[in-house]
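Written out below as structure tokens is the structure these notes cover.
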Amino acid sequence: MPRTVALIVAAGRGHRLGGPLPKQYQAIGARSVLRQTLEQFSGHPAVEAVQVVIAAGDRVLYDAQTAGLVLRPACIGGPTRQRSVLNGLEALTDEPPQIVTIHDAARPLVSADVISRTIEAVAASGIAGAVAGVPVADTLKRVEGGRVAATVDRQGLWRAQTPQSFRFAPLLAAHRAVAALGDSDDTALTDDVAVAERAGLEIAMVEGEERNFKITTEDDLARARRELALRRETRMGTGFDVHAFGPGTAVTLCGVEIPYTQGLVGHSDADVALHALTDALLGAVAAGDIGQYFPPSDPQWRNAASERFLRHAAEVVERSGGRIVNVDVTLICEAPRVGPHRDRMRARVAEILGIAAGRVGIKATTTEKLGFTGRGEGIAVQAAATVEVPVED
Numbered sequence: 001m002p003r004t005v006a007l008i009v010a011a012g013r014g015h016r017l018g019g020p021l022p023k024q025y026q027a028i029g030a031r032s033v034l035r036q037t038l039e040q041f042s043g044h045p046a047v048e049a050v051q052v053v054i055a056a057g058d059r060v061l062y063d064a065q066t067a068g069l070v071l072r073p074a075c076i077g078g079p080t081r082q083r084s085v086l087n088g089l090e091a092l093t094d095e096p097p098q099i100v101t102i103h104d105a106a107r108p109l110v111s112a113d114v115i116s117r118t119i120e121a122v123a124a125s126g127i128a129g130a131v132a133g134v135p136v137a138d139t140l141k142r143v144e145g146g147r148v149a150a151t152v153d154r155q156g157l158w159r160a161q162t163p164q165s166f167r168f169a170p171l172l173a174a175h176r177a178v179a180a181l182g183d184s185d186d187t188a189l190t191d192d193v194a195v196a197e198r199a200g201l202e203i204a205m206v207e208g209e210e211r212n213f214k215i216t217t218e219d220d221l222a223r224a225r226r227e228l229a230l231r232r233e234t235r236m237g238t239g240f241d242v243h244a245f246g247p248g249t250a251v252t253l254c255g256v257e258i259p260y261t262q263g264l265v266g267h268s269d270a271d272v273a274l275h276a277l278t279d280a281l282l283g284a285v286a287a288g289d290i291g292q293y294f295p296p297s298d299p300q301w302r303n304a305a306s307e308r309f310l311r312h313a314a315e316v317v318e319r320s321g322g323r324i325v326n327v328d329v330t331l332i333c334e335a336p337r338v339g340p341h342r343d344r345m346r347a348r349v350a351e352i353l354g355i356a357a358g359r360v361g362i363k364a365t366t367t368e369k370l371g372f373t374g375r376g377e378g379i380a381v382q383a384a385a386t387v388e389v390p391v392e393d
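This note's numbering applies: residue 1 is where the sequence shown begins, and numbers increase by one.
Written out as structure tokens, the structure reads:
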């Protein structure tokens, strides 16, 4: 593994949060936000050293809250985030690393897996950098004058997080180039990927985590405290559903319409895969089954898109404090062929659930001509879901 140093940006003032201390020095559990963040990096096997950038007036606070940690001498930040990062990078030029991984101090719940993914993405390829992020799940609106002007296509949109890992030399050059311009617009460069983009560097996106949120408001601080106060465990749910073939020219599976000589019979759109997956998610948090929320006897669900059922199950998981780890779907049928549509199906399920496609498995099998699926009378689906949930002691 190339020599890697973590650069933790802790020079902000956190005016939106308020309180007597900057947000990075406020307590979450037994530690401060900053201490929790630093321990994630100082204990990571791929990180050789940790450099922290602090505000000029925070030295006493910083020294008190980092006692006992092995860190490089802290350096002082600048008037903007970009200038603070540049100061941190310059502090590393005495022993320049091959890779620098930059992280906001106000993201204390970053996991070792996310740190590893950004570093490994750079180390294993020729790209200049990698950023952690999560796909945008909410519907986006453009607003003008307090009125909705348009709905924004969220296809391909991700929310960028930190850590953001880079090859050291090109990133340093990119930051120096911005500083040399005396660019008054450097406040618009809100992360290091924006600086890298300006320099034309190629950056990869890797899977982040919803739990890796940035503490900006009082609600964020309270959420972080709740997260740390609770143990978390992984639970599993399964779902099974069957739909018979009937008249039609297409079937809908995992939210994707597939041309076929028949359709599937059902009260809704008969998406047998999403029905099974809905039950799996509800089962993982012991929240009943699909019929409890969307009974087939209720006419309002006639011909309804099954993605509504799956979105509701995801909301139930979220309200329970849970986080979807992964889902897996096995379609059991002789036809239609699933393989040509697998990638679109994975992407659609990921979009509905607001998770990365890498957390969605789609498989197909047959029963070797046995049973109703073997006779081509319908499709059966087995689904499984794992969910991480908080558990109070």
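Ideal placement from N, C-alpha and C gives every residue a C-beta, glycine not left out.
Alpha carbon of residue i to alpha carbon of residue j, nearest angstrom
i, j, result
"A67", "H312", "46 angstroms"
"A169", "L228", "36 angstroms"
"V100", "G156", "26 angstroms"
"L253", "A364", "12 angstroms"
"V131", "R117", "9 angstroms"
"V110", "E318", "19 angstroms"
"Q26", "S32", "5 angstroms"
"K141", "A149", "7 angstroms"
"E377", "V272", "14 angstroms"
"N326", "G361", "8 angstroms"
"I195", "A55", "At residue 195 the sequence reads Val, which differs from the Ile that was named. Their Cα atoms are separated by approximately 21 angstroms."
"A423", "L264", "Because residue 423 is not part of the residues shown, which for the chain are 1 to 393, the question remains open."
"A276", "Q382", "6 angstroms"
"R348", "L69", "45 angstroms"
"D289", "T278", "8 angstroms"
"A174", "V242", "56 angstroms"
"E218", "I28", "12 angstroms"
"R226", "F213", "13 angstroms"
"D191", "I127", "18 angstroms"
"G182", "Q65", "34 angstroms"
Selection from the options that minimises the alpha carbon distance to residue i
i, options, result
"G133", "V193, L140 and S320", "V193"
"R154", "V143, G237, T139 and S165", "T139"
"H103", "L310, V85 and P96", "V85"
"E210", "R176, I355, R59 and E197", "I355"
"P135", "A105, T386 and G358", "G358"
"G57", "I352, A74 and A188", "A74"
"V391", "A30, A314 and G322", "G322"
"Q164", "G145, V206 and W158", "V206"
Burial state of residue i, where buried means 16 or more other Cβ atoms lie within 10 Å
i, result
"N303", "exposed"
"P79", "exposed"
"K23", "buried"
Residues near residue i by beta carbon distance below 6 angstroms, same chain, minus five either side
i, result
"T373", "I332, C333, T367 and A380"
"A385", "G237, A280, L281, A284 and V327"
Heavy atom of the ligand MG within 7 angstroms of residue i beta-carbon
i, result
"R375", "In terms of ligand content, the structure shown is empty, and the ligand MG therefore cannot be addressed."
Neighbourhood of residue i by C-beta, 8 angstroms cutoff - its chain only, sequence neighbours within 5 removed
i, result
"V152", "L140, K141 and R142"
Contact set for residue i: own chain, Cβ-Cβ below 7 angstroms, skip 5 residues either direction
i, result
"P259", "T249 and A250"
"R159", "G133, V134 and V136"
Length at least 4, wholly inside the region 290-329: the alpha helix (DSSP H) runs in chain order: Counting only runs of at least 4 residues, the region 290-329 fully encloses the following alpha helix (DSSP H) elements, listed from N- to C-terminal order: 290-293 and 307-319.
Runs of alpha helix (DSSP H) wholly within the region 181-256 (minimum 4 residues, chain order): 192-198 and 218-229
Runs of alpha helix (DSSP H) lying entirely within the region 145-180, each at least 4 residues, in chain order: 168-180
Minimum length 4: unbroken alpha helix (DSSP H) runs contained in the region 94-129: 112-123
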